[in-house]
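What follows is a short report on a single structure.
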Amino acid sequence: MARRKSYTPEEIVTKLRQVEVATARGQAVALACKATGITEQTYYRWRRGYGGLGVDQAKRLKTLEAENTRLKRVVADQALDISILKESTQGKF
783 MARRKSYTPE EIVTKLRQVE VATARGQAVA LACKATGITE QTYYRWRRGY GGLGVDQAKR
843 LKTLEAENTR LKRVVADQAL DISILKESTQ GKF
């Protein structure tokens, strides 16, 4: 099986624009995607996520998503610590 390439937000926005230009010229979406090197499914998924964003906005979105994931992990760890502390103090009184 071929290894999947992960694209940067800049590359995603560029490929979305390439497909949009090709379709504006009358080319079918499937052919435009094939010429760009992505599948139709990938194109529609990216369009849903990065649709009207510029390159800088896409980069910022990716950064915020990573930060959000990190913060969720921190909150989950703190909730687990609180739960452990509550359980340990219940039996001592």
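Its first residue numbered 783, the sequence shown is counted upward by one per residue in the working numbering.
For each residue, glycine too, the CB sits at the ideal point set by N, CA and C.
These numbers come from a predicted model, not from an experiment.
Query                                                                                            : Result
Cβ pair Val-795, Gly-836 closer than 8 Å                                                         : yes
Buried or exposed (CB count within 10 angstroms, at least 16 for buried), Leu-798                : buried
Segments assigned alpha helix (DSSP H), at least 4 residues, entirely inside the stretch 820–848 : 822–832
Span of the alpha helix (DSSP H), counted from its first residue to its last, around Gln-809     : It is not in any alpha helix (DSSP H) - Gln-809 carries neither H nor E in the DSSP assignment.
Val-811 beta carbon less than 8 Å from that of Val-801                                           : yes
Nearest-angstrom Cα separation, counted from Arg-827 out to Ala-817                              : 17 Å
Nearest-angstrom Cβ-Cβ length linking Ala-848 and Glu-792, presumed shorter than 8 Å             : Between Glu-792 and Ala-848 the Cβ distance is about 16 Å, and since that is not below 8 Å, they are no contact.
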